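In the working numbering, the protein residues as written are -5 to 418.
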């Protein structure tokens, strides 16, 4: 029970209650075109089951005013009734407006995104390859753009974005200092969204097939016609640089090396004595060799399945000072019965990789499965180590660089997870 000193004075003014909210505008007064949500949510991706009524004049690709379940203005979004994500909310706030007047939002979002990378993070000082637009993380849902030297690689997942991108490219080139663009539309997504990739044929034809980029003093060749998403992943830039701290004079194994990013950092920046890079993708190994030649770096490349190679090295009793494991995505669904096999792959491959680390050695393991949480990934790695009777001394958890920002209402877009440990 409060004492007398805690009791309010008899004549103390009572706190004022919040002013009553005015009633929502009737449908006939809403800004058209519009769409209303069926449930209260602040998420940017609205699936059909979450969408309520839509104004009859709303067309595929329209920027619509979004109203919440109670009928109050919520924001603005790109509408496409035939898509898997029927509404992509790009801006939240009662002042965000759809229609022609709201198109200025996109230019503002593009300017903010480029400013973040070039002015705030000053990425141009260390690299000319980075994520310029990060979809929902920059309020441009359905669009990712990676900058590779003078070329922009655009991944388009939204019909509304595809409609507008040709108008945005001149501005993007002006802000980023680039000249060319290559636009990629996934076949399945394009079919669902109604995007015609042929619209970008002229743009793509004018762009170079290959470019050379620099990252922290290391040169890479990016081949837009080969490899998964160009074969060079900007999201691992900070982790590649961090690896070099542990590789001086070391024997390093890079499992699932792809085009050799970690291997080159270990050898060139880190001064490793011996680096072995293993990957099943023959085209990736070929590209990795070209990258090594660009930097006059001697690396041993092995074209092999990571599971099979690791088992053979385990049988041979081979050990490394540093092991990096960065496999492709193994999990494609949230359903536990459907992702069990992928989870098992993570455990099995991590167990093999850990068995190849010398006592006291460094183990860096990654997952790019967005549907696997960091905590779950960590538990799979721990289980793999404990099966071997070994412990992991974790000293860092990491992800992509700052050019892959995430908005607070879309944490699911945090896909890359990197665990750093010393193996006891």
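Glycine residues also receive a C-beta, built at the ideal position from the N, C-alpha and C atoms. Just so you know, these numbers come straight off a predicted model, no measurement behind them.
Taking C-beta atoms as the reference points, residue 326 and residue 363 count as a pair closer than 9 angstroms. In the displayed model, residue 394 falls within coil according to three-state DSSP, outside both helix and strand. Per DSSP, residue 35 is not a residue of any beta strand (DSSP E), being assigned neither H nor E. Counting only runs of at least 3 residues, the region 85 to 155 fully encloses the following beta strand (DSSP E) elements, listed from N- to C-terminal order: 123 to 128, 137 to 142, 145 to 150. When the alpha-carbon of residue 118 is set against those of 397, 252, 382, 309, the nearest one is in 397.
For residue 274, no beta strand (DSSP E) encloses it, and the DSSP letter there is neither H nor E. Note: residue 45 is bridge-paired with 31 in the DSSP secondary-structure output. Fewer than three Cβ pairs drawn from the region 315 to 331 and the region 283 to 297 lie within less than 8 angstroms of each other, which leaves the two stretches out of contact.
Linking residue 124 to residue 228 through their CA atoms gives a straight-line distance of about 5 angstroms. Look at the region 276 to 336 and you find these whole runs of beta strand (DSSP E), each 3 residues long or longer: 294 to 297, 314 to 319.
When 417, 308, 108 are compared, the shortest CA-CA separation from residue 346 is found for 308.
Cβ neighbours of residue 149 within its own chain (closer than 6 angstroms, five residues either side excluded): 138, 178. If you compare the alpha carbons of 244, 281, 249 with that of residue 214, the shortest gap goes to 281.
Between residue 218 and residue 284, the beta carbon gap of about 14 angstroms keeps them out of contact (Cβ cut-off 8 angstroms). Per the DSSP secondary-structure output, residue 362 pairs with nothing in a beta bridge.
Rounded to the nearest angstrom, the gap between the Cα atoms of residue 45 and residue 113 is 38 angstroms. Its Cα nearest to that of residue 162, the residue 97 stands out among 263, 374, 323, 97. When DSSP states are grouped into helix, strand and coil, residue 179 belongs to the coil group. Looking from the CA of residue 110, the closest CA among 344, 417, 395 belongs to 395. Taking a 10 Å sphere around the C-beta of residue 259, we find 16 or more other C-beta atoms and assign the residue as buried. Where residue 212 is concerned, there is no enclosing alpha helix (DSSP H), although the beta strand (DSSP E) around it starts and stops at 212 to 217. Judged by DSSP secondary structure, residue 205 falls outside any alpha helix (DSSP H) and instead within the beta strand (DSSP E) spanning 204 to 209. Contact between residue 270 and residue 247 holds: CB atoms are separated by about 5 angstroms, below the 8 angstroms threshold.
Under the DSSP definition of a beta bridge, residue 268 partners with 245. With distances taken between CA atoms, residue 38 lies nearest to 133 out of 58, 133, 53, 26. Setting aside the 5 residues that flank it on each side, residue 220 is surrounded in the same chain by 277, 281, each with a C-beta closer than 8 angstroms to its C-beta; the list follows chain order. The C-alpha of residue 49 lies about 25 angstroms from the C-alpha of residue 183.
The beta carbon of residue 241 sits closer than 6 angstroms to those of 260, 264, 266, 316, all from its chain and outside the five residues before and after it, given in chain order. Residue pairing of residue 70 in beta bridges, as defined by DSSP: 59, 85. Cα atoms of residue 401 and residue 69: separation of roughly 15 angstroms, rounded to the nearest angstrom.
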